[in-house]
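One line per chain: the protein sequences are H and W, in this order.
According to my numbering, the first sequence is numbered sequentially starting from 5.
According to my numbering, the second sequence is numbered sequentially starting from 5.
C-beta atoms are modelled at their ideal positions from N, C-alpha and C, and glycine is treated no differently.
The structure presented is a predicted model; accordingly, all values stated were derived computationally and were not measured.
The structure appears right after this line, and notes come after that.
2 protein chains.
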Amino acid sequence: MSLKLDSTGNTAADHDGSVKSIKRHLKKELLTLKRNRILEEATELFFDQGYSGTTVDEIAARLQVTKPFIYSYFKNKEAILAAICETGISEALDVLRAVLAAKGSYRDQLIQTLWQVGDMVIVRQPCVVIYTREMKKLNPDDAQRILSKRSEFDQRIAKLIDDGVKAGEFAAGPHAMDAIWIGGLISWLPVWYSASGKLSKKDVLFGLVEAGLKLIGAGQLTDLEKAGLN
Amino acid sequence: MSLKLDSTGNTAADHDGSVKSIKRHLKKELLTLKRNRILEEATELFFDQGYSGTTVDEIAARLQVTKPFIYSYFKNKEAILAAICETGISEALDVLRAVLAAKGSYRDQLIQTLWQVGDMVIVRQPCVVIYTREMKKLNPDDAQRILSKRSEFDQRIAKLIDDGVKAGEFAAGPHAMDAIWIGGLISWLPVWYSASGKLSKKDVLFGLVEAGLKLIGAGQLTDLEKAGLN
DNA sequence: GACAAAATATACTCAACAGTAGATTTTAAT
DNA sequence: ATTAAAATCTACTGTTGAGTATATTTTGTC
């Protein structure tokens with residue numbers, strides 16, 4: 005039958021015979037909703053069973069739908085994987101851009117970056133884990149596109165550190181690898197988070213920010229700064 | 005034809021018609037050698053392409069051998085995976101036991117543990133990575149056996165910390181999670197190591213030891229201690 | 001309510017791959 | 001040299017799963 009949508013039901017409908025444009029709009033929304041539901045279920049399955057260990061039929065079954073349905077939204081199985089992998093990177097990049105666009109000291113920008121991106125990574129944990137695990141199974145085009153976003157991320161962090169050093173906010177010294185280390189810290193957050201199992205998201209994020217600051221020699225997190233993070 | 009052995013050739017043969025027991029012995033050695041070569045190639049392939057992404061025929065081809073050959077050494081594909089996964093844990097446990105058996109202060113034992121186990125983990129990188137990636141594909145029996153070794157590892161570390169605290173060598177306080185954190189540090193070493201790509205094994209190991217010491221509040225690594233590590 | 005178009009399902013194809021039965025070669029001892 | 005046993009291969013089976021051609025249902029429009 006029809007695709008199993010979110011538990012929110014959404015029986016809502018503006019029933020008057022209103023203009024086409026509205027209907028078109030609704031339709032488009034429906035399409036992306038369905039696409040997203042496919043990605044949600046696929047993400048959960050890939051996360052639990054791995055990419056190769058998951059069949060397209062399984063994804064379909066979860067949605068109470070059949071295989072060709074999936075194939076009308078994605079060219080092939082690998083396209084689903086690519087979409088999932090891209091989600092994590094894209095959102096991280098969006099968050100980073102937003103943080104860097106806001107004004108503030110470099111120190112503040114770094115703190116915010118770690119906190120916000122860290123938060124996003126924890127929330128999108130499965131995407132990030134799937135990406136690191138299954139990267140090698142992407143076709144070259146997808147791999148390239150995603151990798152270039154990943155590079156932009158690293159470069160922006162490197163520039164932030166560089167600017168901060170020039171402005172005298174961070175300790176001078178060789179920072180060549182720091183951006184990579186910070187990227188690493190963030191990437192491995194999901195593992196730390198789920199491995200410990202007991203720490204709250206907030207605690208983990210505070211830990212991340214403090215580690216990041218130590219890494220580039222920007223000192224401890226002050227109580228005031230702590231209070232500013234929610 | 006015959007199994008492609010190590011590049012060392014090994015045409016050596018004590019040619020005299022010596023006693024059976026020697027021949028028997030040689031034969032047994034050959035068997036384990038072959039088994040190990042299968043594991044070596046499988047490890048490389050699983051590491052690069054994942055477990056599901058690797059066929060038994062591929063493993064056979066690498067050894068210039070056929071599939072039934074493999075199946076005469078392993079019950080099935082999953083048994084190969086289990087053997088690989090077990091290698092990492094078993095060797096880590098061996099190293100840990102040896103370190104803990106040697107006398108020395110608790111502080112020294114911790115330093116040695118981190119250094120030696122860390123070294124082993126870097127060397128056996130692929131096994132460790134494969135284990136963390138493919139764990140879920142093991143059958144319950146294998147998973148249980150391996151997990152119990154993993155537990156013994158964690159418990160011994162926990163005990164080391166505990167003893168060290170009681171002896172006043174480590175800072176008192178809640179250490180409930182520290183063993184897990186240390187286990188985590190060690191587990192993620194391969195990723196840090198290969199991700200950075202530029203750091204030497206030694207540098208990474210020094211970093212590990214220092215992180216471990218900080219974690220349990222045992223202070224910095226002294227120059228003397230550094231000198232003692234090779 | 002009829003009809004075109006869109007959405008979704010049924011029922012298949014084809015290839016890849018784990019695992020095996022039985023033939024063939026190699027080894028080692030007499 | 002002969003022969004039994006061990007080692008290894010050839011050639012197969014059965015299944016699974018990605019991807020698709022075609023039928024059916026649903027939706028929207030007149």
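Inclusion of valine 103 of chain W and isoleucine 190 of chain W in the CB contact set at 8 Å is not warranted, their separation being larger than that value. When DSSP states are grouped into helix, strand and coil, lysine 79 of chain H belongs to the coil group.
Interface annotation, arginine 39 of chain H: not in contact with chain W, CB-CB separation never under 8 Å. Taking a cut-off of 8 Å on C-beta distances, the region 72-84 of chain H does not touch the region 94-113 of chain H, as fewer than three cross pairs fall below it. The criterion of a C-beta distance shorter than 8 Å is not satisfied by leucine 225 of chain H and leucine 212 of chain H.
If you draw a straight line from the Cα of leucine 228 of chain W to the Cα of aspartate 112 of chain W, it comes to about 12 Å.
Using a Cβ-Cβ cut-off of 9 Å, glycine 54 of chain H is close to Gly54, Tyr55, Ser56, Arg137, Glu138, Lys140 and Lys141 of chain W, given in chain order.
Here the C-alpha atom of aspartate 166 of chain W lies approximately 24 Å from the C-alpha atom of serine 198 of chain H. Counting along the chain, no alpha helix (DSSP H) covers arginine 128 of chain W, and no H or E run does either. For glycine 216 of chain W, not one C-beta of chain H is nearer than 8 Å to its own C-beta.
Residue burial is scored here from C-beta neighbours: lysine 202 of chain W has fewer than 16 other C-beta atoms within 10 angstroms and is therefore classed as exposed. Near chain H, meaning a CB-to-CB distance below 7 Å, no residue of the region 91-115 of chain W qualifies. Chain-ordered, the chain H residues with CB closer than 8 Å to the CB of tryptophan 192 of chain W read Trp192 and Val195. If only complete runs of 4 or more residues are kept, the region 96-179 of chain W shows the alpha helix (DSSP H) at 110-127, 129-138 and 144-170, in order along the chain. DSSP places isoleucine 63 of chain H in the uninterrupted alpha helix (DSSP H) bounded by 60-66. Valine 127 of chain H is classed as exposed because its beta carbon has fewer than 16 other beta carbons within 10 Å across all chains shown. Within a 10 Å sphere around the beta-carbon of alanine 231 of chain W sit fewer than 16 other beta-carbons, which makes this residue exposed. It is roughly 7 Å from the alpha-carbon of glutamate 173 of chain W to the alpha-carbon of alanine 222 of chain W.
The Cβ atoms of glycine 188 of chain W and valine 132 of chain W lie no closer than 8 Å to each other.
The three-state secondary structure of isoleucine 220 of chain W, taken from DSSP, is coil.
Around lysine 141 of chain W, the same chain offers Tyr55, Ser56, Glu82 and Leu85 as residues with beta carbons nearer than 8 Å, after the five sequence neighbours per side are excluded. With 16 or more other Cβ atoms inside 10 Å of its own Cβ, alanine 87 of chain H counts as buried. Distance from the Cα of leucine 114 of chain W is smallest, within the candidate group W:Thr70, W:Val60, W:Ala64 and W:Ala183, for W:Ala183. If you look at glycine 232 of chain H, you'll find it in the alpha helix (DSSP H) that goes 227-232. Segment contact: the region 60-75 of chain H against the region 41-49 of chain H, three or more CB-CB distances shorter than 8 Å; contact assigned. In the three-state reduction of the DSSP assignment, threonine 47 of chain W falls in the helix class. Burial state of aspartate 123 of chain H is buried, judged by a 10 Å Cβ sphere holding 16 or more other Cβ atoms.
Look at glycine 188 of chain H here: in three-state DSSP terms it is helix. When the alpha-carbon of proline 130 of chain H is set against those of H:Ala162, H:Ala105 and H:Pro194, the nearest one is in H:Pro194. Taking the C-beta atoms as reference points, alanine 176 of chain H is found nearer than 8 Å to valine 169 of chain H.
Linking leucine 164 of chain W to threonine 70 of chain W through their CA atoms gives a straight-line distance of about 48 Å. Between the C-alpha atoms of tryptophan 196 of chain H and leucine 37 of chain W there is a straight-line separation of about 38 Å.
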